[in-house]
Amino acid sequence: MSQEPIKLGKRESKLRVDPKWADVCLTCGTCAGGCPVTGVDGMDPRKAVRMAALGLDEELINSRFPWVCTLCGRCERACPMGVEILAMMRTARGLRERDKVPGPIHKGTMMSMERGNNLGIPHDDWLFLLADMSKEMEDEGFPGFYVPVDKVGARVISTVNSKEPFGEPDDMKFWWKIYYAAHESWTVSSENWEGVTWGLFGGDDESMKEQARRVLENARNVKAEVLLLPE
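The sequence shown runs 1 to 231 under full-length UniProt numbering.
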């Protein structure tokens, strides 16, 4: 006499991008073998996937591991079953309460949304710095150099990492010298020039989309052919 197959109940998980993927995990450990942060706090990608499969959402969301993860993707590329580990990690980040997001990630995201860059550099200070550094470039042997701002028709529009104008402004000169030597037509934006989308790192998809939209809008406004993100 045949028996009905036993149906094993599955705990619900908010971390599953696809309801099936966690169940196909073989627990082979290939993902953990390639992960640069395997072992931190006794965790690895395999353990994180099993936590999602078992519905241990809060334990994973409140752990350090989703934030220690570099999102490099080596685990996912190595997985023989195609488990979407990166999406799981970003989802875990997004489900963390915003005031408990570690470090400056959430604060930087909100600052960028409010002021157009992660460190809140004022518009006038940004333009003053560009003018001052243009003069420095001329003095360093680049006659006629200036930083073109919002130049319509420029072929290349370049974003900037806000840490550079804030603390390492000379780093911007490396790109400028290349443009100068190549006689490139280029420009930077006067507003929303930040090239680092911190919403991506924080799991804040709405902020990420808005930050990306602003950068693309700047490129379209000047009719640039190339959008360069040196970051």
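C-beta atoms are modelled at their ideal positions from N, C-alpha and C, and glycine is treated no differently. What you are looking at is a predicted structure, and each value in this text was computed from that prediction instead of being measured.
- Quick one: using the 10 Å Cβ neighbour count with 16 as the cut-off for buried, is Leu229 buried or exposed? By 1-based counting over the sequence shown, the position of residue 229 is 229. It is exposed - the Cβ of Leu229 has fewer than 16 other Cβ atoms within 10 Å.
- Message: Give me, in chain order, the residues of the same chain whose beta-carbon lies closer than 6 Å to that of Leu95; leave out the 5 immediate sequence neighbours on both sides.
- Response: Within the sequence shown, the letter at position 95 stands for residue 95. Contacts found: Ile61.
- Query: Under the DSSP definition of a beta bridge, which residues are partnered with Thr187?
  - Reply: Position 187 of the sequence shown, counted from the start, is the residue given in the question as residue 187. Answer by DSSP bridge pairing, in chain order: Ile157.
- Identify every run of the alpha helix (DSSP H) within the region 96-134, keeping only runs that are complete inside it and at least 4 residues long; order them along the chain. 105-115
- Would you call Ile105 buried or exposed, if buried means 16 or more other Cβ atoms sit within 10 Å of its Cβ? Indexing the sequence shown from 1 puts residue 105 at position 105. Flag for Ile105 reads buried.
- Nearest CA to the CA of Cys31: which residue from Met81, Ser63 and Asp57? Within the sequence shown, numbered from 1, the residue matching residue 31 stands at position 31. Answer by Cα proximity: Met81.
- Item | Three-pair Cβ contact test at 8 Å for the region 71-79 versus the region 101-117 | no
- Task: Please determine, among Ala224, Arg64 and Arg46, the residue with the shortest C-alpha to C-alpha distance to Lys100.
- Result: As a first step, residue 100 is located in the sequence shown; it is residue number 100 there, counting from the start. If we check each option's Cα against that of Lys100, Arg64 comes out closest.
- Within its chain, find whatever has a CB closer than 7 Å to the CB of Ser207; leave out the 5 residues flanking it on each side and keep chain order. The count along the sequence shown starts at 1 and reaches residue 207 at position 207. For Ser207, where only same-chain residues beyond five positions count, the Cβ hits under 7 Å are Thr109, Met113 and Gly199.
- Between which two residues does the alpha helix (DSSP H) harbouring Val222 extend? Counting from 1 along the sequence shown, the entry for residue 222 is found at position 222. Taken as a continuous stretch (DSSP letters only), Val222 belongs to no alpha helix (DSSP H), as it is neither H nor E.
- Task: Measure the C-alpha to C-alpha separation of Ser158 and Asp205 and round it to an integer number of angstroms.
- Result: Counting from one through the sequence shown, the residue named residue 158 turns up at place 158. Counting from one through the sequence shown, the residue named residue 205 turns up at place 205. Spanning the alpha carbons of Ser158 and Asp205 requires a straight line of approximately 23 Å.
- Message: Going by C-alpha to C-alpha distance, which of Glu136, Tyr179 and Trp193 sits closest to Lys163?
- Response: The residue given as residue 163 occupies position 163 in the sequence shown. Answer by Cα proximity: Trp193.
- Sheet register partners of Val149 (DSSP bridge): The count along the sequence shown starts at 1 and reaches residue 149 at position 149. Residue pairing of Val149 in beta bridges, as defined by DSSP: Val188.
- By how many angstroms is the C-alpha of Lys135 removed from the C-alpha of Phe145? Taking the first residue of the sequence shown as 1, we reach residue 145 at position 145. Taking the first residue of the sequence shown as 1, we reach residue 135 at position 135. Spanning the two alpha carbons is a distance of roughly 8 Å.
- Task: Could you check how far apart the C-beta atoms of Leu129 and Pro165 are, in whole angstroms? I think they sit under 8 Å.
- Result: Counted from its first residue, the sequence shown places residue 129 at position 129. Counted from its first residue, the sequence shown places residue 165 at position 165. Confirmed, about 5 Å.
- Task: Quickly, what does DSSP pair Val226 with across the bridge? List them, please.
- Result: As a first step, residue 226 must be located in the sequence shown, where it is residue number 226. Paired residue(s): Val156.
- According to the Cβ coordinates, are Val222 and Thr187 closer than 8 Å? As a first step, residue 222 must be located in the sequence shown, where it is residue number 222. As a first step, residue 187 must be located in the sequence shown, where it is residue number 187. It is a contact, given that the beta carbons lie within the stated cut-off.
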